[in-house]
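Participant:
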Amino acid sequence: LGEILDNYILAREKWGVKGSIIILDEVTFVEEWYRAVKSRIDRGKFKNDVLIVTGSSSIEVLKQREYFPGRRGYGKDIFFHPLSFSEYLEKFFKLELRKGGVENIEDCINANRIFSETIMRAFNNYLATGGFPIPIIDFFTYGKVRNETRKTYIDWLRSDWRKTGKNEKYMKEVLSYILRASGTPISWLSISKNTSLASPHTAQSYIETLENLMVLKVFNLIQPNFKVMYRRNKKIHILDPFLHDTLSYFTKVEVREDVKAESIVASHLSRVYETYYWRNKSEIDLISIVNNKQVGFEVKWGFKHYVKPRHIGKVFILNRENLPIFLASLNPTKE
16 LGEILDNYIL AREKWGVKGS IIILDEVTFV EEWYRAVKSR IDRGKFKNDV LIVTGSSSIE
76 VLKQREYFPG RRGYGKDIFF HPLSFSEYLE KFFKLELRKG GVENIEDCIN ANRIFSETIM
136 RAFNNYLATG GFPIPIIDFF TYGKVRNETR KTYIDWLRSD WRKTGKNEKY MKEVLSYILR
196 ASGTPISWLS ISKNTSLASP HTAQSYIETL ENLMVLKVFN LIQPNFKVMY RRNKKIHILD
256 PFLHDTLSYF TKVEVREDVK AESIVASHLS RVYETYYWRN KSEIDLISIV NNKQVGFEVK
316 WGFKHYVKPR HIGKVFILNR ENLPIFLASL NPTKE
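Encoded structure:
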């Protein structure tokens, strides 16, 4: 890599190019790539340039960015998530919907109701494909997601687990336990007791690895006074419905549709807002902080007893009929 960069820098000087955009794609496949880049930054070779570094292994990229303290200028981290449901509708159903934040989403929902039938049909597809390109292509080509595609993603995950020194057998046990928990709050201790892991600390390490790989997200309990209870049980949600089904295929643990639905809502909200949950005598599946207020979201896929907590002013009840149009109307990124 260093030789390639030097050849480009020399050619650029000869052509009188003062600045450029340099893209290093899938750079994590190049051993110690950061040394080649860092040494040339220190020599001022890129002072007028923009360097874009990409990699499929989120853990490797996140770890290796730490080799550039004080050398990133105005650079920032950009994470590419699977397509949100509103993006899915826009790309594959050509729907230009009105979208907004939680604070004005009801107006957006009312504006988008005219497309309800298409949105519902698309959501049934999204439950199978999620937002990943290959399963989406599978679905529109074969009418289903092929097992070969699931095996490919499992192989990628296995490769990343090995890079982090995690035992595949133990990781499978952890994933099985998470899927069996079905979104109910669990602790590091309960994970270690129900798997071969030696301690709660080790269980936490395995979960954090999966979170860094953008497979799942941990949601903590938040109190009415906004204090986050990091030592209490956590809700753990898989971040994409395709991943949910793929991990179910891998572990042989069946996943209910209502669990997938809550996880989709959790994933979408957490991209935009700080998101938690509440459980005491009453319960809220998810709580997002919107304009310094706690806003609740309760996913009801069938009969589910629900008592509204007194401290939550606004609660969205999301069911089979209104959940798809809610997600379709939610702006998937921070404005």
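Its first residue numbered 16, the sequence shown is counted upward by one per residue in the working numbering.
Note that beta-carbon positions come from the ideal geometry of N, C-alpha and C, so glycine has one too.
Just so you know, these numbers come straight off a predicted model, no measurement behind them.
(1) Leaving out five residues before and five after residue 48 in sequence, what residues of the same chain have Cβ atoms less than 6 Å from its Cβ?
(2) DSSP three-state call for residue 316: helix, strand or coil?
(3) What residues in its chain sit with their C-beta under 7 Å from that of residue 258, if we drop five residues either side in the sequence?
(4) Find out if the Cβ-Cβ distance for the pair residue 71, residue 347 is shorter than 7 Å.
(5) Can you find at least 3 beta carbon pairs, one from the segment 219–233 and one from the segment 160–167, that sit closer than 8 Å?
(6) Suppose the cutoff is 7 Å on Cβ atoms and the five residues either side in sequence are ignored; what does the same chain contact list for residue 147 look like?
(7) Output the residue ranges of the alpha helix (DSSP H) runs that lie fully inside the segment 229–287 and measure 4 residues or longer, sorted by chain position.
(8) Sorted by chain position, which residues of the same chain lie with C-beta nearer than 8 Å to residue 226's C-beta, five sequence neighbours on each side aside?
(9) Let me make sure I understand the geometry here. Which of 108, 123 and 50 has the alpha-carbon closest to that of residue 344?
(10) With a CB to CB cut of under 8 Å and the five nearest residues on each side skipped, what residues in its chain are close to residue 102?
(11) Do you know offhand how far residue 260's Cα is from residue 250's?
(12) For residue 115, which of helix, strand or coil comes out of DSSP?
(13) Just checking, does the segment 83–94 make contact with the segment 305–318 on the three C-beta pairs under 8 Å criterion?
(14) Measure the C-alpha to C-alpha separation of residue 193 and residue 111 and round it to an integer number of angstroms.
(15) Give the secondary structure of residue 291 by DSSP, where H, G and I count as helix, E and B as strand, and everything else as coil.
(16) Contact defined as beta carbons within less than 8 Å: I believe residue 339 pairs with residue 107. What is the distance between those atoms, to the nearest angstrom?
(17) Start and end of the alpha helix (DSSP H) containing residue 151?
(18) Is the CB-CB distance between residue 25 and residue 68 below 7 Å?
(19) Nearest-angstrom Cα distance between residue 361 and residue 78?
(20) Are residue 215 and residue 207 close, meaning C-beta to C-beta below 7 Å?
(21) Three or more C-beta pairs closer than 8 Å, one from the segment 181–197 and one from the segment 236–249: is that the case here?
(22) Between which two residues does the alpha helix (DSSP H) harbouring residue 175 extend?
(23) Taking the straight line between their C-alpha atoms, what separation do you get for residue 149 and residue 143?
(24) Do the CB positions of residue 34 and residue 57 come within less than 7 Å of each other?
Facilitator: According to the structure shown:
(1) Locating residue 48 in the sequence shown gives position 33, where the first residue counts as 1. Here the set comprises 16 and 42.
(2) Position 301 of the sequence shown, counting from 1, holds the residue named residue 316. In the structure shown, residue 316 sits in coil (DSSP, three-state: anything other than H, G, I, E or B).
(3) Taking the first residue of the sequence shown as 1, we reach residue 258 at position 243. Result list for residue 258: 145 and 230, in chain order.
(4) Indexing the sequence shown from 1 puts residue 71 at position 56. Indexing the sequence shown from 1 puts residue 347 at position 332. No, the Cβ-Cβ distance between residue 71 and residue 347 is not below 7 Å.
(5) no
(6) Taking the first residue of the sequence shown as 1, we reach residue 147 at position 132. Closer than 7 Å at the Cβ level, and outside the excluded window around residue 147, lie 97, 255 and 257.
(7) 256–266 and 272–287
(8) As a first step, residue 226 must be located in the sequence shown, where it is residue number 211. Same-chain partners within the cutoff: 232 and 233.
(9) Translated into the one-based positions of the sequence shown, residue 344 becomes position 329. Per the Cα distances, 123.
(10) The residue you call residue 102 lines up with position 87 of the sequence shown. Hits under 8 Å: 146 and 347.
(11) As a working mapping, residue 260 is identified with position 245 in the sequence shown. As a working mapping, residue 250 is identified with position 235 in the sequence shown. Their backbone Cα atoms lie some 18 Å apart in a straight line.
(12) Residue mapping note: residue 115 aligns to position 100 of the sequence shown, counting from 1. Correct three-state label for residue 115: strand.
(13) no
(14) Here residue 193 is taken as the residue at index 178 of the sequence shown, counted from 1. Here residue 111 is taken as the residue at index 96 of the sequence shown, counted from 1. Cα to Cα, residue 193 sits roughly 36 Å from residue 111.
(15) For this step, residue 291 is matched to residue 276 along the sequence shown. If DSSP states are grouped into helix, strand and coil, residue 291 belongs with the strands.
(16) For the purposes of this step, residue 339 is taken as the residue at position 324 of the sequence shown. For the purposes of this step, residue 107 is taken as the residue at position 92 of the sequence shown. Not quite, the Cβ-Cβ distance comes to about 14 Å (not below 8 Å), so this is no contact.
(17) Your numbering for residue 151 matches position 136 in the sequence shown. 148–157 is the span of the alpha helix (DSSP H), which, as asked, contains residue 151.
(18) Taking the first residue of the sequence shown as 1, we reach residue 25 at position 10. Taking the first residue of the sequence shown as 1, we reach residue 68 at position 53. Going by C-beta atoms, residue 25 is not nearer than 7 Å to residue 68.
(19) Because the chain in this structure spans residues 16 to 350, residue 361 falls outside the shown range and cannot be described.
(20) One-based indexing of the sequence shown puts residue 215 at position 200. One-based indexing of the sequence shown puts residue 207 at position 192. Cβ distance < 7 Å, so residue 215 and residue 207 count as in contact.
(21) no
(22) Stepping through the sequence shown from its first residue, residue 175 is reached at position 160. Segment 162–178, the alpha helix (DSSP H) holding residue 175.
(23) In the sequence shown, the residue the question calls residue 149 occupies position 134. In the sequence shown, the residue the question calls residue 143 occupies position 128. Rounded to whole angstroms, residue 149 to residue 143 spans 12 Å at the Cα level.
(24) For the purposes of this step, residue 34 is taken as residue 19 along the sequence shown, with counting starting at 1. For the purposes of this step, residue 57 is taken as residue 42 along the sequence shown, with counting starting at 1. No. Outside cutoff.
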